[in-house]
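Residue numbers (the numbering used here): 357 to 625.
Note that CB positions come from ideal geometry on N, CA and C, so glycine has one too.
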């Protein structure tokens, strides 16, 4: 007779970590040094727009000042904020025309000038060769722009074109980080639980997007100037990054640490 009664199974921890099997890489200034090129183009377009819509304004954006204010957002997101700041409204035709012009011009420029972030290609090859991880790109930028950057940077050997996800061109309704929609979409398409994934992001908006989708996130600081990195790292950690790296060669050790971490990433953070 079993005086202790039936044996009871230990409760299942629904938040238990899963083995890390998938990398989700941001593109701009994470895989590819592209933001400076892109923001120079965007600054020219926005300055031209402001000269027409707000002729009295003295604002004149540089690529760097625009990047400081809008890093991590796509051009459509920038336009929405510019409309709010300067109190005007674009017609659908004006908006579409500007976005098309931005995509075309930046795609051409990146196809000529984009370079990989330092040590990115070497580390991508090493990680790919282990056979332990899948690779995908998750970007706010338009698909053609991302492809042009990756091709010029010599990175298409590491990525299946079908696994390059764009918040502007992959989703039924275009959006931009920090909306988590593009990360959630990527996980569904990959058939991955977010807890199996690690995102690598350089911006607050990108980190917020990944963390809100329930994905552990590494902050990449290597594209920032050395004297900016400590402050940028603190900013990223405020929004859920547990580990920051300054060099791609630190990624594998950060991944191992996150894979052993019990930190709970919660949707909607």
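Residues bridged to residue i [DSSP beta-bridge criterion]
i: residue 572; result: 554
i: residue 384; result: 388
i: residue 600; result: 575
i: residue 520; result: 493
i: residue 540; result: DSSP output for residue 540 lists no bridge partner at all.
Cα-Cα separation, residue i to residue j
i: residue 552; j: residue 583; result: 33 Å
i: residue 670; j: residue 522; result: With the chain running from 357 to 625 in the structure shown, residue 670 is simply not present.
i: residue 407; j: residue 443; result: 14 Å
i: residue 475; j: residue 462; result: 24 Å
i: residue 587; j: residue 558; result: 13 Å
i: residue 448; j: residue 413; result: 23 Å
i: residue 537; j: residue 598; result: 22 Å
i: residue 376; j: residue 615; result: 6 Å
i: residue 478; j: residue 450; result: 42 Å
i: residue 511; j: residue 485; result: 14 Å
i: residue 368; j: residue 548; result: Any reading at residue 368 must be qualified, since the residue scores a pLDDT of 39, below 50, and its modelled position is unreliable; the value itself is stated next. Looking at the two C-alpha atoms, the distance is approximately 20 Å.
i: residue 566; j: residue 491; result: 15 Å
i: residue 564; j: residue 593; result: 10 Å
i: residue 533; j: residue 392; result: 19 Å
i: residue 539; j: residue 501; result: 18 Å
Assigned exposure category for residue i - 16 Cβ within 10 Å defines buried
i: residue 374; result: exposed
i: residue 389; result: buried
i: residue 513; result: exposed
i: residue 529; result: exposed
i: residue 385; result: buried
i: residue 423; result: buried
i: residue 440; result: exposed
i: residue 421; result: exposed
i: residue 531; result: buried
i: residue 612; result: exposed
i: residue 520; result: buried
i: residue 382; result: buried
i: residue 469; result: exposed
i: residue 550; result: buried
Supposed contact pair residue j and residue i - C-beta distance, whole angstroms, cut 8 Å
i: residue 509; j: residue 387; result: 7 Å
i: residue 560; j: residue 428; result: 6 Å
Contact set for residue i: own chain, Cβ-Cβ below 8 Å, skip 5 residues either direction
i: residue 601; result: 574, 575, 576, 577, 578, 607 and 610
i: residue 454; result: 401, 405, 431, 435 and 446
i: residue 580; result: 558 and 588
Cutoff 7 Å; reference residue i; Cβ partners in own chain excluding five residues on either side
i: residue 591; result: 560
i: residue 525; result: 498 and 499
i: residue 585; result: 577 and 602
Same chain, Cβ closer than 6 Å to residue i, neighbours up to 5 away in sequence not counted
i: residue 504; result: 463, 466 and 467
Heavy atom of the ligand FAD within 6 Å of residue i beta-carbon
i: residue 510; result: Absence of the ligand FAD from the depicted structure is noted, as is the absence of any ligand whatsoever, leaving it without description.
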